[in-house]
Amino acid sequence: MTMSRLPAPAGTLLDRAKPITFRFDGQAYTGYEGDTIASALAANGVTMLSRSFKYHRPRGLLSAAGHDANSLVQIGAEPSVQADRRRVVAGLDVQPQNVFGSLTRDYARAIDGLGRFLPVGFYYKTFFRPKGTWKHWEKLIRALAGLGKVDLEAHHGYYDKQYLFADVAVVGGGAAGLSAALEAADAGAEVVLIEENPTLGGALGYARFDAAGQEAARVREGLVGRVTGHANITVLTDATCNGWFADHYLPVIRGNRLYKLRARSVVVATGSYEQPMVFRNNDLPGVMYASAAQRLMRHYAVRPGNRAVVATANGDGYGAALDLIEAGVEVACVADLRPERSDGALADAVADHGVPIVRGAAVTEAIAAKGHVGVEAARVARITGQGQTAAVDDRFACDLIVTAVGYNPTANLIHHAGGRLAYNDEASMFEVVWLPETIHAAGSVTGTFALEAVLGEGRRAGWSAARDAGRTVGAAPAVPNDRGMRGINHPWPIFPHPKGRDFIDFDEDLQVHDILDAIQEGYDDVELMKRFSTCGMGPSQGRHSSLNSVRLTARANGRTVNETGTTTSRPPYTQETFGVLAGRSFEPDRLTPMHHHHVAAGAKMMVAGQWYRPQYYGSESSRDDNVRREVMAVRERVGLIDVSTLGGLEVCGPDAAELLNRIYTFTYTKQPVGRARYVLMTDQNGVIVDDGVACRFHDHHFYVTATTSGAAAVYQHMLFWNAQWRLKVNITNVTASWAAVNLAGPKARDVLARVCKDVDLSTEAFPYMEVRQGTIAGVPARIIRIGFVGELGYEIHVPASQGEALWDALMDAGKADGIVPFGIEAQRLLRLEKGHVIIGQDTDGVTNVFEADMAWAIARKKPYFVGKRTLDIHERNGLTRKLVGFSLKNPADPAPEESHLVIHDGAIVGRTTSVGRSHVLGKVIGLAYVAPDQATPGTAFHIRIGGGRMIEAVVEKPPFYDAGNKRQEL
Amino acid sequence: MVFALLKYGLSKHYPAKHQFPRPRELKKSYDVVIIGGGGHGLATAFYLARDWGITNVAVLDKGYLAGGNTARNTAIIRSNYLTPEGVRFYDESVRLYQDLSNDFDLNILYSERGHLTLAHTDSAIRTMRWRAEVNKHFGINSELVLVDDVKRLCPQLDCSDTVRYPVLGALYHAPGSIARHDAVAWGYGAGAAMRGVEIHQRTEVIGIEREGVNGTGGKVTGVVTNRGTIKCGKVIQAVAGATTRVADMIGLKLPIRTIPLQACVSQPLKPFLDKIIVSGSLHVYISQSSRGELVMGGSTDPYALYGTRSTLDFKEGLMMHMLELFPYLAEVKLLRQWAGMTDMTPDFAPIMGETHVQNYYIDAGWGTWGFKATPVCGKRNAEMLATGQVPDLIKPFTYRRFPEFRQLGEKGAASVGH
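These protein sequences, in sequence, are chains A and B.
Start counting the first sequence at 733; every next residue gets the next number (the working numbering).
Start counting the second sequence at 141; every next residue gets the next number (the working numbering).
1) Give the interface partners of residue 388 of chain B over in chain A, defined as CB-CB distance under 7 Å, in chain order.
2) So is residue 168 of chain B in contact with chain A if we call contact Cβ pairs under 7 Å?
3) Give the DSSP bridge partners of residue 374 of chain B, in chain order.
4) Starting from the C-beta of residue 1636 of chain A, find all residues in its chain whose C-beta is less than 6 Å away, skip the five residues before and the five after it, and write them out in chain order.
5) Any idea if residue 507 of chain B is buried or exposed, counting beta-carbon neighbours within 10 angstroms, 16 or more meaning buried?
6) What does residue 1010 of chain A pair with, by DSSP beta-bridge criteria?
7) Any beta-carbon of chain A closer than 7 Å to the one on residue 303 of chain B?
8) Leaving out five residues on either side along the sequence, give the residues of the same chain with a beta carbon under 7 Å from the beta carbon of residue 1625 of chain A.
9) Could you give the DSSP three-state label for residue 1414 of chain A: helix, strand or coil?
10) Please check if any C-beta of chain B sits within less than 7 Å of the C-beta of residue 1614 of chain A.
11) Between the Cα of residue 1003 of chain A and those of A/945, A/1098 and A/1140, spot the shortest distance and give me the residue it belongs to.
12) Beta carbons nearer than 7 Å to chain A: which residues of the segment 427-438 of chain B have them?
13) Around the C-beta of residue 1452 of chain A, are 16 or more other C-beta atoms found within 10 angstroms, so that it is buried, or is it exposed?
14) Report the partner residues of residue 729 of chain A according to the DSSP bridge assignment.
15) Suppose the cutoff is 8 Å on Cβ atoms and the five residues either side in sequence are ignored; what does the same chain contact list for residue 1182 of chain A look like?
16) So, at 7 Å on beta carbons, what are the nonlocal neighbours of residue 1591 of chain A in its own chain, with the 5 sequence-adjacent residues on each side left out?
17) Since residue 450 of chain B meets chain A, which of its residues come closer than 9 Å, beta carbon to beta carbon?
18) Who are the near neighbours of residue 336 of chain B in its chain, counting only those whose CB is closer than 6 Å to its CB and skipping five residues on each side?
19) Run the CB neighbour count on residue 746 of chain A, radius 10 Å, all protein chains shown included, and call it buried at 16 or more, exposed below.
20) Taking only the alpha-carbon atoms, compute the straight-line gap between residue 559 of chain B and residue 221 of chain B and give it to the nearest angstrom.
21) Under the rule that 16 or more other beta-carbon atoms within 10 Å means buried, what is residue 1405 of chain A, buried or exposed?
22) What do you get for residue 1596 of chain A, buried or exposed, if any count of 16 or more other CB atoms within 10 angstroms of its CB means buried?
23) Residue 472 of chain B CB to nearest chain A CB: under 7 Å?
24) Using only alpha-carbon positions, find the residue among B/434, B/540, B/243 and B/301 that is nearest to residue 519 of chain B.
25) By how many angstroms is the C-alpha of residue 488 of chain B removed from the C-alpha of residue 547 of chain B?
26) Could you list which residues in chain B have their beta carbon closer than 7 Å to that of residue 856 of chain A, in chain order?
27) Would you say residue 1640 of chain A lies against chain B (beta-carbon separation less than 7 Å)?
28) Just tell me which of B/456, B/544 and B/530 has its CA closest to the CA of residue 891 of chain A.
29) Since residue 242 of chain B meets chain A, which of its residues come closer than 7 Å, beta carbon to beta carbon?
30) Would you report the Cα separation of residue 155 of chain B and residue 792 of chain A, rounded to the nearest angstrom?
31) Using beta-carbon positions only, say whether residue 210 of chain B and residue 176 of chain B come within less than 7 Å of one another.
32) Is the separation between the beta-carbon of residue 1037 of chain A and that of residue 1061 of chain A shorter than 7 Å?
33) Straight-line CA distance for residue 1535 of chain A to residue 980 of chain A?
34) Could you confirm whether any beta carbon from chain A is found closer than 7 Å to the beta carbon of residue 254 of chain B?
35) Report yes or no: do the segment 400-409 of chain B and the segment 441-453 of chain B share at least 3 C-beta pairs separated by less than 8 Å?
36) So what does residue 1453 of chain A bridge to, in DSSP terms?
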């Protein structure tokens, strides 16, 4: 095909020196750099871009600005690309969406003929009898629904984010936005100006404001020249401000980058959406907005047709007619919907070209060309009443119908910010009636259309925004009184046709009668009408359907538009990709200082919250052997485990002990310096939420550990409570600042003694549950004698930077005793043998202290700790379940899995929480919740294991191993 | 069958049946006043009228019909709960759901998809096994499946171990379904209206009248609205995010925090995802609607608020995790985001039944799962209002469990982190 273009200066966005070849629906085409997909196709005579959602009717360019779903296409793996906004690049392979076959031969187009059997909401009305029928119909309906396709093999591209800050954010780079930016910047404000198009100027770049066609360019040149040279203005073109969030937090999308802009004040100068005229076949390719025709001509040098009929209710229609004539398009007729003569100079200029102007007339039908892919003629008839026309009409042969019947404000950001709009009945237009503080609006978004007033309003908004941002400003700029709001919107550009196909919502294929039928069925509230008919629920979110559907709803209900109201606009303003929201994934990987040692030693690493921890060392195939080897080393010799992931909190200040007293269940005020004490945390419901150890180094200084997964929450919990208590205490989360290991086993003291010379390690000098500060292999260390695994053990904390050195020193020192590193699996089994609970595994979201059989951890005499009152009541109320140790009655039975249920008399009374096969004891042991009356040692109970089989278990009082705790206290 | 559509194509005038007659005036008195015209309120009205013949009923709503959480939820239906009380309750709801289209003569687009709650950690595997075992005990179809089966059930999911939080397994609940949420409310509303119930939209309750308030809650006698005061026999409130504010009118303090829950939807896509996928660790849930839109949500917002504003952080976090599970969706487009207000209880179970005020009942505390309970709530509320007896199925949910320290243990079953 050959490309046809208008001569320069048309084509302001094109670089004609750079032709670009791309494909659409299997055919190759050539466009220029700067072209959108749709403009390049239009230059090649291709007007059909898509098939409609429901009826598969041919659709073409309507707004040329992304205000409708007509232009949505698929590019490779990317669905729903706006062909009228996305620029062509070499080699682009563009495919149509939602067609069965090809765009021109779509088998589903037959649905159009069945339309009368598919009333609004048809899928609610049938397909469900008898029960089960829907299952089959659903498949068909789902396949017909949907637009683009996803490609499961598609690659995840690169996206990133950047923060921006500004005094004033100006959204929209048209006449209003440009003058607002200048005014604010002149007052010294740092301004970010955001424009979604490639160039600044808005309508000044394509619309016509005067008969000579000079004014727009002159004004634009002046404004753009000053803005681009201004030191205080950062201009972001091709950038979309896609929403407004609290405190002027604006997501601005530019390509694959999301800017997150925080501004002190915002000027919304986003303009308005041109609105469609409703008549039969108003959806045919070749029927478009005046602004769309003008964009095609000015920006892309495309002649939108050869012979046009213009239907207008404002001066923009005449401006477009003049543009068309200058571009060599024959204008067959201008149908002015208004009976009286208006827009004198522009209309006269059109008349001077010999164009017949019919006043008080409307286009009532577009007659389809052969194959239904374009327009062949327009019927024009006299308007006889609201939405009514005379039976006689004139038929004008044409391939283009251009409509200019009014606008609806692009008030998305204003809605997001909580601003209010109301319908001005005299102007038949929504206008902004209230704005939140520090948000200002200017230009046609406010209903201001006269250019001088737009510029004045822009200056006023910029002035106000600069003042909000704390800049010194002079006297408020004046705004001309005549805003030019009247004579823009026709009150009723809706001409229903007895045969229908008079579309209100192009995305959703909704015609006038669909809206009226929905209302008649009782969905008469505008929200219900929307939800039942789906009007405004498509990709363009009511941009072109909201105004007319609200007008229809109001009239059908006999109410005013204001009484009817509108549906809510929500973010995003326009489509945004998941990728741009996600950005680069910032899921942190937390590695302990010894991480690489574990990997080098062949550890199987597992995810533990944000951390990675060694599960066991050795190959996956010999997992059980590895765990057994590690367990036996700890029981018989000595083992070393990395516990750097434990939470660490420094609690300092005169009230440090008091804070712990209130936060944890034990008592800490009398804890001697040098002593370590168990800590158990409950919430206000008495539910166990964390545990650890508190080490006292000074009257005013505790070092408290927390579980790996609980550390952040414990810290938050302490801060939360102390915000109310106001104790003299400083709480710092030092988890990442410390590395820690647990050196455990009968040989632990011998090993430690080889590298620690400044602490007396003897049982007498450093007994169980004491803490010392000393030096290990030259590293300052906190050494705590505790025994989670039930052997003589030292938990050693050193600054994170020294973690590797500590690990190396201990592994070296332990060589002679056959030291082995051990992982989580071995630790779990070792502690199970001791009957220690793991918070979160052996407790759940409602486990209280008594259920966990941990009443020993409560200081009875304390007046208060978080959860105490509840626990007192629980104690009075009695238990409903209890955590007990158990072993299997018949050792030959298979081991239950964790979370298998305890069943009593056919009812669930509990479940297993920890189960393991103890090598030392030679049997399966575990912890389980049972009914309180089953909790006595020796009592048998039943566990339902896989396959529904019941096995018998016997309550056994933990610890299962070393009941006298002699080994850990050595 | 599809013959139902013939009349629309062949008749000269549109054969509309007006679903919701709009009563102009409030009557002076009603046997039952239902505060809240959402799913629960309308369902209650429907069963009162259909099953108990009580039709002198007014449903009052501050906004439009079913415009609160009924319009804002993500329409997932399941019964894979953790406590026996929860499982039994939701099981009845699922069964009622399956008959609703025929009950209503309106297709609610009930679509059985299968529901996978992913486990990324061994502790999540334990929780999923626990839920599966409890479910099976009550005859509910749930299974713990490991990663290979997850891959087979949902090949669209990235089950590789190269991601940050690899999928280890899942709770698979085959009956998990979605439905058209609006249609559920409309069906109940139309069915109730057809039988004589009055639905008053844009009617706000601003006070409750009581008699005999003397150290006790007294007895409810009337409801004050922005359109006048009406007398009534019994009242039930079913107002989700406004629960605490309405309960305040009878001096009932509830341990409820109202927290926004956000959701969003993509542009429509051709069907590629049948299963409903939930990941508690990643704070993500997703299903593809019959229109082809991806309906997505995450965890509740980090703070309490009586408001339905949207945030940027929500969708940034959600999409980051969404692309972990479905990396090929990076260029799919988001269409719309919104928020609802959830009334969260401390134990994640609802508050239902009697209050300290005679003849005043409550249906609240639904947190993030009220939609799936709509039918059973309606049915049992109706039974309670008609008989004056609290049905066994909702007895465990009395508000008195809080002052009596007998909370339920549903916390482990919330689909995403809260």
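C-beta: ideal position from N, C-alpha, C; glycine also.
With the structure as the only source:
1) Here residue 388 of chain B refers to the residue found at position 248 of the second sequence. Per Cβ cutoff of 7 Å: no residues; residue 388 of chain B is ~22 Å from chain A at best.
2) Sequence index remark: in the second sequence, residue 168 of chain B carries index 28 (1-based). It does not: the Cβ of residue 168 of chain B has no partner Cβ on chain A nearer than 7 Å.
3) Numbered from its first residue, the second sequence carries residue 374 of chain B at position 234. In DSSP, residue 374 of chain B forms a bridge with B/172.
4) If you number the first sequence from 1, residue 1636 of chain A lands on position 904. Answer for residue 1636 of chain A: 1663, listed in chain order.
5) Residue mapping note: residue 507 of chain B aligns to position 367 of the second sequence, counting from 1. Under this definition residue 507 of chain B is a buried residue.
6) One-based indexing of the first sequence puts residue 1010 of chain A at position 278. DSSP lists A/1226 as partners of residue 1010 of chain A.
7) Here residue 303 of chain B is taken as the residue at index 163 of the second sequence, counted from 1. Closer than 7 Å: no.
8) Sequence index remark: in the first sequence, residue 1625 of chain A carries index 893 (1-based). Correct list, in chain order: 1683.
9) Within the first sequence, residue 1414 of chain A is the residue found at index 682, counting from 1. The answer is strand: DSSP assigns residue 1414 of chain A an E or B state.
10) Sequence index remark: in the first sequence, residue 1614 of chain A carries index 882 (1-based). It does not; no Cβ of chain B falls within 7 Å.
11) Here residue 1003 of chain A corresponds to residue number 271 of the first sequence, with the count starting at 1. Checked all of A/945, A/1098 and A/1140; the closest Cα to residue 1003 of chain A is A/1140.
12) 430, 431 and 432
13) In the first sequence, counting from the first residue as 1, residue 1452 of chain A sits at position 720. Exposed, because fewer than 16 other Cβ atoms sit within 10 Å of the Cβ of residue 1452 of chain A.
14) Not covered by the structure: residue 729 of chain A. The range shown for chain A is 733 to 1702.
15) Your numbering for residue 1182 of chain A matches position 450 in the first sequence. Around residue 1182 of chain A: 1212, 1214, 1215 and 1216.
16) To locate residue 1591 of chain A, count along the first sequence from 1; it is residue 859. 1397, 1398 and 1399, listed in sequence order.
17) Looking up residue 450 of chain B in the second sequence gives position 310. Residues of chain A passing the Cβ test: 975, 977, 1148, 1302 and 1303.
18) Residue mapping note: residue 336 of chain B aligns to position 196 of the second sequence, counting from 1. 195.
19) On the first sequence, position 14 is the one that residue 746 of chain A refers to. Residue 746 of chain A is classed as buried because its beta carbon has at least 16 other beta carbons within 10 Å across all chains shown.
20) Nothing in the structure corresponds to residue 559 of chain B, since chain B is present only between 141 and 558.
21) Reading the first sequence from its first residue, position 673 is the one you call residue 1405 of chain A. Residue 1405 of chain A comes out exposed.
22) If you number the first sequence from 1, residue 1596 of chain A lands on position 864. Answer is exposed; the Cβ neighbour count stays below 16.
23) Translated into positions along the second sequence, residue 472 of chain B becomes position 332. It does; some Cβ of chain A falls within 7 Å.
24) Position 379 of the second sequence, counted from the first residue, corresponds to residue 519 of chain B. Nearest option by C-alpha distance: B/243.
25) Residue 547 of chain B sits at position 407 when you count from the first residue of the second sequence. Residue 488 of chain B sits at position 348 when you count from the first residue of the second sequence. Those two C-alpha atoms are separated by around 9 Å.
26) Translated into the one-based positions of the first sequence, residue 856 of chain A becomes position 124. In chain order: 246, 247 and 323.
27) Within the first sequence, the letter at position 908 stands for residue 1640 of chain A. Chain B contact via Cβ: present.
28) Translated into positions along the first sequence, residue 891 of chain A becomes position 159. Selected option, being the one with the closest Cα: B/456.
29) The residue you call residue 242 of chain B lines up with position 102 of the second sequence. Residues of chain A passing the Cβ test: 860, 861 and 863.
30) As a working note, residue 155 of chain B is residue 15 in the second sequence. As a working note, residue 792 of chain A is residue 60 in the first sequence. When rounded, the distance between both Cα atoms is 33 Å.
31) The sequence position of residue 210 of chain B within the second sequence is 70, counting from 1. The sequence position of residue 176 of chain B within the second sequence is 36, counting from 1. Cβ distance not < 7 Å, so residue 210 of chain B and residue 176 of chain B don't count as in contact.
32) In the first sequence, the residue the question calls residue 1037 of chain A occupies position 305. In the first sequence, the residue the question calls residue 1061 of chain A occupies position 329. The Cβ atoms of residue 1037 of chain A and residue 1061 of chain A sit closer than 7 Å to each other.
33) For the purposes of this step, residue 1535 of chain A is taken as the residue at position 803 of the first sequence. For the purposes of this step, residue 980 of chain A is taken as the residue at position 248 of the first sequence. Approximately 45 Å between the Cα atoms of the pair.
34) Walking along the second sequence from the start, residue 254 of chain B turns up at place 114. Taking Cβ atoms only, chain A never reaches closer than 7 Å to residue 254 of chain B, which makes this a no.
35) Taking 8 Å as the limit for Cβ pairs, the verdict is that the segment 441-453 of chain B does touch the segment 400-409 of chain B.
36) As a first step, residue 1453 of chain A must be located in the first sequence, where it is residue number 721. DSSP, once it has assigned bridges, lists no residue as partnering residue 1453 of chain A.
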